[in-house]
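Please read the structure below before turning to the comments.
Residue numbers (our numbering), protein chains in the order written: chain A, 109 to 219; chain B, 600 to 714.
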């Protein structure tokens with residue numbers, strides 16, 4: 109059974125620092141992996157989708173890497189801003205298209 | 600990215616009544632829609648998967664007679680919580696995608712409170 113773990117559960121950094129968020133999964137037979145952002149009481153905003161054949165994806169200040177063999181993905185956010193404060197969720201996607209989520213990392217960026 | 604609209608964003612209902620939540624894909628045709636439930640400070644738990652024109656597939660432990668899902672068109676899926684009870688109070692979120700290898704986009708969520 110697939111298990112998705114995100115470490116740390118919470119993170120607080122001063123503005124300008126780079127953020128490193130980790131996601132690990134137990135079954136490497138995933139189809140894709142997707143990173144999301146969730147603001148309090150809101151839905152999810154898709155950040156990056158990494159297909160299983162890819163090793164990384166980049167969008168602006170965001171970079172996500174994927175190492176299927178070791179069951180890990182890392183989301184990097186460069187030069188963090190207070191507006192980056194949110195909960196970040198990773199989800200592994202199986203061949204049926206089902207997403208299984210980690211518990212998330214709550215990020216606070218202080219001015 | 601694509602837009603998925605969920606309505607209502609919040610609803611309060613009396614115990615024993617039914618509540619319908621709508622999920623629409625606004626600018627693409629969603630062959631598959633997913634319904635999730637999220638408890639406070641917890642991650643999303645998949646409730647069911649619905650494909651247009653066919654019956655929904657429910658995850659283990661989810662009561663299909665309580666959570667009725669209808670995916671009548673490629674742009675609309677509905678979740679009806681029947682005979683709601685206070686323990687059904689939660690945040691419900693829908694997701695839609697065009698195909699297996701494409702991004703999943705999420706609605707804004709619906710906060711359901713049963714009193």
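Note that CB positions come from ideal geometry on N, CA and C, so glycine has one too.
Straight-line gap, residue i to residue j (C-alpha atoms, nearest Å)
i	j	result
residue 65(A)	residue 131(A)	Nothing can be reported for residue 65(A): it is not among the residues displayed for chain A, which extend from 109 to 219.
residue 651(B)	residue 639(B)	30 Å
residue 612(B)	residue 689(B)	12 Å
residue 602(B)	residue 608(B)	15 Å
residue 663(B)	residue 181(A)	34 Å
residue 673(B)	residue 654(B)	14 Å
residue 198(A)	residue 666(B)	26 Å
residue 133(A)	residue 703(B)	19 Å
residue 122(A)	residue 210(A)	25 Å
residue 143(A)	residue 162(A)	14 Å
residue 661(B)	residue 125(A)	42 Å
residue 668(B)	residue 148(A)	26 Å
residue 168(A)	residue 707(B)	24 Å
residue 687(B)	residue 115(A)	29 Å
residue 177(A)	residue 620(B)	40 Å
residue 642(B)	residue 166(A)	25 Å
residue 129(A)	residue 213(A)	7 Å
Whole-angstrom C-beta distance between residue j and residue i, which should lie under 8 Å
i	j	result
residue 624(B)	residue 695(B)	4 Å
residue 698(B)	residue 630(B)	6 Å
residue 657(B)	residue 646(B)	7 Å
residue 152(A)	residue 164(A)	Incorrect: roughly 21 Å between the Cβ atoms, too far for contact.
residue 185(A)	residue 207(A)	The Cβ separation is near 21 Å, so there is no contact.
Neighbouring residues, chain B, relative to residue i (Cβ below 7 Å)
i	result
residue 109(A)	Here the premise fails: no neighbours, minimum Cβ distance about 11 Å.
residue 197(A)	642
residue 212(A)	642
residue 157(A)	702
Under 8 Å by beta carbon: chain A residues contacting residue i
i	result
residue 692(B)	151 and 152
residue 707(B)	150 and 151
residue 645(B)	206, 207 and 208
Residue from the options whose Cα sits closest to the Cα of residue i
i	options	result
residue 684(B)	693(B), 713(B) and 646(B)	713(B)
residue 158(A)	193(A), 146(A) and 201(A)	201(A)
residue 127(A)	154(A), 140(A) and 187(A)	187(A)
residue 140(A)	152(A), 204(A) and 125(A)	204(A)
residue 622(B)	614(B), 616(B), 615(B) and 632(B)	632(B)
residue 615(B)	706(B), 680(B), 628(B) and 710(B)	680(B)
residue 194(A)	154(A), 134(A), 109(A) and 176(A)	154(A)
residue 701(B)	628(B), 669(B), 666(B) and 610(B)	628(B)
residue 189(A)	216(A), 178(A) and 207(A)	216(A)
residue 137(A)	167(A), 148(A), 145(A) and 160(A)	160(A)
residue 677(B)	709(B), 659(B), 703(B) and 660(B)	709(B)
residue 118(A)	206(A), 196(A), 207(A) and 184(A)	196(A)
residue 635(B)	617(B), 705(B), 692(B) and 711(B)	692(B)
residue 150(A)	604(B), 682(B) and 686(B)	604(B)
residue 135(A)	156(A), 111(A), 145(A) and 219(A)	111(A)
Chain A residues whose Cβ lies nearer than 7 Å to that of residue i
i	result
residue 648(B)	206
residue 625(B)	Within chain A, no residue comes near residue 625(B); the closest Cβ sits about 14 Å away, beyond 7 Å.
Amino acids of chain A, ordered along the chain, whose beta-carbon sits closer than 9 Å to that of residue i
i	result
residue 710(B)	149
residue 605(B)	151
Proximal residues of chain B, C-beta to C-beta of residue i below 9 Å
i	result
residue 129(A)	Simply none; closest approach about 14 Å.
residue 183(A)	Here the premise fails: no neighbours, minimum Cβ distance about 15 Å.
Amino acids of chain E, ordered along the chain, whose beta-carbon sits closer than 9 Å to that of residue i
i	result
residue 651(B)	Included in the structure are the protein chains A and B, with no chain E among them.
Neighbouring residues, chain B, relative to residue i (Cβ below 8 Å)
i	result
residue 142(A)	702 and 703
**OP:** May I have a chain-ordered list of the alpha helix (DSSP H) segments no shorter than 4 residues that lie completely inside the stretch 643-705 of chain B?
**Re:** none
Subject >> 3 or more residues per run - each beta strand (DSSP E) lying fully within the stretch 143-186 of chain A >> reply: 152-159, 164-167, 170-175 and 180-185
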